[in-house]
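In the UniProt record's numbering, the protein residues as written are 1 to 423.
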């Protein structure tokens, strides 16, 4: 008998009446049947709902009871009653992903069992110790934009089926908040022009980025990052992409442009780079956060809030003896900081109403820089916790752990910040 998946509520908003992958019952308006009420209502102007941001929760379903397989699927769920079309579309989207996951569990468990039997027999024949392995598959959801017009999210599909390490695939998904339609590049304007502009922007960005970033890419007689980018943007399928608060982000998969160790390489093409881009999908000026390139490639932000884009990047360097450091570059300004041995820094750009910031985490520290006019260090938090969320004037820290249901956050610790410093 096929085993079912157990539902686990993962985070954010309170949800009731959960069914399947965290669905909730929608409250529908009661139909008016009284003739007098109908007459009165006919004299009223039809009410038009004001555009609003969708509220959402992330739930998780996990595989249970398998000897040689473990995994889970996170699902996004719209929890307010103002976006019925979007809620229906998101439910259908994740129902499909759960069904696909469910259909493959039995086969993966059997395949892993067979592999274990073969490896165990080989180990016994050769006199080796043998530790059984499990196949793994996890799908994690990260919302990257949720406003009155657009809901965008990234799904990381991580998997392991033996060998030195697992792998991952990234998918970008964008939905129209008001219609529930799933969008693609052709919905934003002339697809061929958007593709051509994006290709040129990405190639120029790579060329102008620090050498340490460029050295991470394939560029030899076997594989050329330039040719791969050319093929993507002139072929039948563009790279995985989504709309965020600054532009279109294109994601290249593992081994597309760089070795496995480099991770997923992505580039964001700003909205201002395009002609005739549908303005309905360009966000207003509000708080947003964006992770800086892990490889150290340039990003573009309006750091002075004057309509002009400036380069922002975070470059990690490690010498042969393990000495590590990072350099934060914002326009013509830069600062460098030493790290622990073989350490690595990650950065997040924060656009707020009172200014623009970069939050850097590494070596048990969270460092805040104000970057609206040069680079000014505002303070440091000594902590072993992770940055869970950055909100208006607040950095939220918490312990992050992983189990069979994916990510799990501990109790939150909130630190307020402003141009005056960090608490």
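We treat Cβ as the ideally placed atom computed from N, Cα and C, and that holds for glycine.
{"query": "Contact the segment 317 to 331 vs the segment 238 to 256: 3+ CB pairs below 8 Å", "result": "no"}
{"query": "Nonlocal neighbours in the same chain, by C-beta distance under 7 Å from residue 214, ignoring five residues either side", "result": "206"}
{"query": "Through-space distance from residue 160 to residue 131, alpha-carbon basis", "result": "15 Å"}
{"query": "Same chain, Cβ closer than 7 Å to residue 400, five either side skipped, listed in chain order", "result": "386, 407, 409"}
{"query": "Between the CA atoms of residue 102 and residue 378 - distance to the nearest angstrom", "result": "49 Å"}
{"query": "Beta bridge counterpart(s) of residue 337 as assigned by DSSP", "result": "326"}
{"query": "Spatial distance of residue 362 from residue 316 (CA atoms)", "result": "11 Å"}
{"query": "Straight-line gap, residue 169 to residue 210 (C-alpha atoms, nearest Å)", "result": "26 Å"}
{"query": "Pairwise C-alpha distance: residue 121 and residue 239", "result": "43 Å"}
{"query": "Beta-carbon gap between residue 53 and residue 148 smaller than 8 Å", "result": "yes"}
{"query": "C-alpha distance - residue 312 paired with residue 294, whole-angstrom precision", "result": "12 Å"}
{"query": "Supposed close pair residue 141, residue 155 - CB separation, criterion 8 Å", "result": "6 Å"}
{"query": "C-beta contact flag for residue 300 and residue 309 at 8 Å", "result": "yes"}
{"query": "Pick from 98, 196, 67, 97 that is closest to residue 117, judged by C-alpha positions", "result": "67"}
{"query": "Contact between the segment 172 to 188 and the segment 268 to 285 (3+ Cβ pairs under 8 Å)", "result": "yes"}
{"query": "CA-to-CA distance, residue 134 to residue 63, given in whole angstroms", "result": "12 Å"}
{"query": "Residue 191, DSSP secondary structure in three states", "result": "helix"}
{"query": "Residue 258 vs residue 265 beta-carbon contact at 8 Å", "result": "yes"}
{"query": "Residue 376 versus 412, 419, 383, 195, residue with shortest Cα-Cα distance", "result": "419"}
{"query": "Residue burial classification, residue 371 (beta-carbon count within 10 angstroms, cutoff 16)", "result": "buried"}
{"query": "Alpha-carbon to alpha-carbon, residue 350 and residue 413", "result": "19 Å"}
{"query": "Nearest residue (CA-CA) to residue 343, options 107, 99, 353, 360", "result": "360"}
{"query": "Integer-rounded CB distance, given that residue 422 should sit under 8 Å from residue 339", "result": "Going by Cβ atoms, the distance from residue 339 to residue 422 rounds to 19 Å, so no, they are not a contact pair."}
{"query": "Nearest-angstrom beta carbon gap, residue 416 and residue 394 [assumed within contact, 8 Å]", "result": "6 Å"}
{"query": "Alpha carbon of residue 402 to alpha carbon of residue 193, nearest angstrom", "result": "43 Å"}
{"query": "Bridge partner(s) assigned by DSSP for residue 388", "result": "None; residue 388 has no bridge partner."}
{"query": "Coil, strand or helix - residue 140 by DSSP", "result": "strand"}
{"query": "Unbroken stretches of the alpha helix (DSSP H), 4 residues or longer, contained in the UniProt domain \"Deacetylase PdaC\" (67 to 166)", "result": "84 to 126"}
{"query": "Closest residue to residue 292 among 331, 358, 58 (Cα-Cα distance)", "result": "358"}
{"query": "Reduced DSSP secondary structure (H/G/I, E/B, other) of residue 383", "result": "coil"}
{"query": "Proximity of residue 153 and residue 138 at Cβ, strictly below 8 Å", "result": "no"}
{"query": "Terminal residues of the beta strand (DSSP E) in which residue 419 lies", "result": "Where residue 419 is concerned, there is no enclosing beta strand (DSSP E), given that its DSSP letter is neither H nor E."}
{"query": "DSSP three-state assignment for residue 229, whether helix, strand or coil", "result": "helix"}
{"query": "Contact check, residue 58 vs residue 86, beta carbons under 8 Å", "result": "no"}
{"query": "Length-filtered (3 minimum) beta strand (DSSP E) runs lying within the segment 283 to 331", "result": "288 to 291, 299 to 301, 310 to 318, 324 to 330"}
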